[in-house]
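Chains as they are written, first to last, in my numbering: chain X, 394 to 759; chain U, 769 to 1139.
Report on one structure; see the data block that follows.
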């Protein structure tokens, strides 16, 4: 290294001569971009023209930024180039990610240590509230029920339907029907299921499907979404109705990937059909089952829409996300809201980490 | 161990596609029988019907004297080795082999004894803890065989088990499976599209084509007495030469005329060819039955060399008349070149003749003597 440098006197000078434009160019490009942004912000261009200008400026600006950055790095010599080039490609995405994801997360964490109006430092008070308040305790328990039953039933019914459909003549029709609810939003499903669970006092005409059946069978109508603790389970049924399709589709694809000979070998080995499924089919698609389960688990941990649309958290159906929403936007207690958000984040992190690892191993959905 | 008997077995798929028609096959106790034929001939379907993996459309299947048409595979007490091995990927080699025994609730010590015994026979004792993923193709093949032999089944079924192995390993495994058969004294049915495998392994061979059984017999019987053109062409490598010739009668003598040469059929064949005077027939002769003429007198087939394949111990000499081509198996002494002129001296008593329409052998084929 030293010998190399001595052989080329004046090398630092030349390096600066080369690096200076390489560093200056991106700065100039950024400045040009900012100027365009300022033009719109200050209102110098107005109305539809501003929109068109913004579109052109945005796209051209991004391209300009890339070309300039690439050009600069190319000038820096092979050693620096190899190190810096990845950042030219990934850097902008990382910056955007940081701005939209990391910064809000950090800010939420920060706010969770402050009081309602985010002015006075509150230490761990908000977390103490999260883990001791009566309503919060109900939310935790309900979320646990969501996690266990919501995930359990979705994956189990998805698996059972996928296995049965695979052996059925009506596979396409059956799978399409089960998959259909996937197209409906959680809130939309809430509206539909309000009709299923609708309740009118005894003697009135029952417009709800379930109560119509119950009264037709001679029973008295039940107010399904008020009856604790069953009401949470009735809400979970909606989630299962929506999510079974997802589990079924992924697991069905996985089942198709299991070689037929594997199952035939087991049959010849003397296994009954149930044993074939238990000992050969399910172990073969286990990676997919785990991926579906963790993905569904994530959804149950942050479930909000169904509860909000059906009961708004009344009658003891509160979950963490609905509590967070209420603390933030109803009671305007940013500290508590943020603390709940952080708790949910911590809870889902292991799932996300596991799923990412599976994706990286390319075993997911195999 | 058991006898397997197929009586008038047919397989018709939904939509009317006929895969197997009226198959009558008897596999004797302790026999090694090979089903051979080109792909789509119904050999695998037949095997899968024996296994119980395919329903039998009509006919009767007996294993060990019992009618098993409606017995599910798990209760037929058979074992099968698949082309792609079909090892359970989540189980170790040991568990793969023990699976069938575990299902049958065999005593643990007995399972262990049998698995280790099979592993010893197949020389895979060192692999028992490995997962199939960590095995080579040949090792997987052994495990698949091991999984079959621990069960001690009535019948072993092999469905093209060697076709995924490289040529060298295939030859080695071929020998090992034959050895295994001698050692276990078991009834085995083996499916392959490779006639070399069929010839080298089978006690008897069942040649199939388009769902029909063409001929059943020992390898040499099929080689020497093919019942039709298909069997004649399928068994043997390089295959039998087929030349289109016309049967003529000249001065009271029978002659076959190729256009560029004429030959006198062997006396034993003349009687059967008489009915074909004036008609075209297929003249079949094996590559080893047209040696290159080294001077002397006799019948000759003149031809021109087109391709020379030196194999070391012998040369496959491809040659053609103006209209037809043939291959001869010759000794490696002579250095042949393309376009060389060559004369073959056909051994007319070894020639076969086939009807052009029915492709059946014109010379009646004698029944194989029971050994």
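Yeah, the Cβ is synthetic: ideal placement off N, Cα and C, and Gly gets one too.
Supposed close pair residue i, residue j - CB separation, criterion 8 Å
i	j	result
residue 933 of chain U	residue 941 of chain U	6 Å
residue 694 of chain X	residue 643 of chain X	Wrong, their Cβ atoms sit about 19 Å apart, outside the cutoff.
residue 730 of chain X	residue 720 of chain X	4 Å
residue 908 of chain U	residue 855 of chain U	6 Å
residue 799 of chain U	residue 955 of chain U	6 Å
Rounded straight-line distance, which links the Cα of residue j to that of residue i
i	j	result
residue 1078 of chain U	residue 1055 of chain U	14 Å
residue 477 of chain X	residue 896 of chain U	50 Å
residue 679 of chain X	residue 608 of chain X	44 Å
residue 641 of chain X	residue 558 of chain X	9 Å
residue 691 of chain X	residue 745 of chain X	8 Å
residue 423 of chain X	residue 508 of chain X	39 Å
residue 938 of chain U	residue 931 of chain U	8 Å
residue 919 of chain U	residue 868 of chain U	7 Å
residue 783 of chain U	residue 665 of chain X	29 Å
residue 1083 of chain U	residue 1103 of chain U	10 Å
residue 648 of chain X	residue 549 of chain X	14 Å
residue 1076 of chain U	residue 1110 of chain U	12 Å
residue 461 of chain X	residue 487 of chain X	18 Å
residue 723 of chain X	residue 577 of chain X	27 Å
residue 1067 of chain U	residue 1097 of chain U	18 Å
residue 811 of chain U	residue 965 of chain U	14 Å
residue 441 of chain X	residue 449 of chain X	13 Å
residue 1065 of chain U	residue 990 of chain U	32 Å
residue 454 of chain X	residue 464 of chain X	15 Å
residue 395 of chain X	residue 456 of chain X	Residue confidence is low: residue 395 of chain X scores 44 on pLDDT, short of 50, so the model does not pin down where it sits. Its coordinate-derived value is still stated next. So the two alpha carbons sit approximately 40 Å from each other.
residue 397 of chain X	residue 480 of chain X	Per-residue confidence for residue 397 of chain X stands at a pLDDT of 44, beneath the threshold of 50, marking its modelled position as unreliable; the derived number appears in the next sentence. When rounded, the distance between both Cα atoms is 28 Å.
residue 759 of chain X	residue 752 of chain X	The predicted model places residue 759 of chain X with a pLDDT of 41, which falls under 50 and marks its position as unreliable; any figure quoted below should be read in that light. Answer to the nearest angstrom: the Cα atoms are 10 Å apart.
residue 1093 of chain U	residue 796 of chain U	41 Å
DSSP bridge partner residues for residue i (one or two, in chain order)
i	result
residue 701 of chain X	None; residue 701 of chain X has no bridge partner.
residue 958 of chain U	U:802 and U:926
residue 1052 of chain U	U:1010 and U:1120
residue 830 of chain U	U:773 and U:835
residue 1085 of chain U	U:1076 and U:1096
residue 1017 of chain U	U:1022
residue 973 of chain U	U:802 and U:985
residue 1132 of chain U	DSSP output for residue 1132 of chain U lists no bridge partner at all.
residue 778 of chain U	U:826
Selected residue, minimal CA-CA separation from residue i, among the options
i	options	result
residue 946 of chain U	U:894, U:801 and U:936	U:801
residue 777 of chain U	U:979, U:873, U:912 and U:924	U:979
residue 532 of chain X	X:430, X:408, X:718 and X:449	X:718
residue 826 of chain U	U:833, U:834, U:817 and U:832	U:817
residue 961 of chain U	U:788, U:779, U:807 and U:1117	U:807
residue 517 of chain X	X:728, X:753 and X:587	X:728
residue 469 of chain X	X:405, X:572, X:544 and X:529	X:405
residue 773 of chain U	U:789, U:819, U:785 and U:830	U:830
residue 928 of chain U	U:901, U:786 and U:969	U:969
residue 592 of chain X	X:703, X:564 and X:408	X:703
residue 891 of chain U	U:911, U:901, U:1029 and U:936	U:911
residue 571 of chain X	X:636, X:462 and X:483	X:636
residue 712 of chain X	X:696, X:751, X:725 and X:429	X:696
residue 750 of chain X	X:613, X:683 and X:415	X:683
residue 845 of chain U	U:916, U:1038 and U:905	U:916
residue 446 of chain X	X:429, X:604, X:458 and X:503	X:429
residue 839 of chain U	U:853, U:848, U:857 and U:819	U:819
residue 781 of chain U	U:796, U:793, U:822 and U:799	U:822
residue 732 of chain X	X:747, X:743 and X:716	X:716
residue 1063 of chain U	U:1112, U:950 and U:1050	U:1112
Residue-level contact to chain A via CB, residue i, 8 Å cutoff
i	result
residue 817 of chain U	Of the chains in the structure shown, none is chain A; the protein chains are X and U.
At a CB distance below 8 Å, what residues from the segment 1088-1118 of chain U approach chain X? Give them in sequence order.
none
Against chain X: residues of the segment 924-952 of chain U by CB proximity under 9 Å:
925 and 927
Please list, in chain order, the residues of the segment 503-518 of chain X that have any C-beta partner in chain U closer than 8 Å.
none
Using a Cβ-Cβ cut-off of less than 9 Å, give me the residues of the segment 987-1003 of chain U that come near chain X, in sequence order.
none
Pull out every residue of the segment 659-670 of chain X whose Cβ sits closer than 8 Å to any Cβ of chain U, in chain order.
659, 660, 661, 662, 663, 664, 665 and 668
To be precise: take each residue of the segment 847-864 of chain U, compare its Cβ to all Cβ atoms of chain X, and keep it if any distance is under 7 Å. Which residues remain?
847, 848, 850, 852, 854, 856, 857 and 858
Taking a Cβ distance cut-off of 7 Å, strictly less, list which residues of the segment 552-569 of chain X are near chain U, in chain order.
none
Any C-beta of chain U within less than 8 Å: which residues of the segment 640-661 of chain X qualify?
652, 654, 655, 657, 658, 659, 660 and 661
Name the residues in the segment 675-699 of chain X whose C-beta lies less than 8 Å from a C-beta of chain U; which are they?
676, 677 and 679
Which residues, taken in chain order from the segment 867-892 of chain U, show a beta carbon closer than 8 Å to some beta carbon of chain X?
867, 868, 871 and 872
Taking a Cβ distance cut-off of 7 Å, strictly less, list which residues of the segment 821-833 of chain U are near chain X, in chain order.
821
Of all the residues that make up the segment 773-803 of chain U, which are near chain X by a beta-carbon distance shorter than 7 Å?
none
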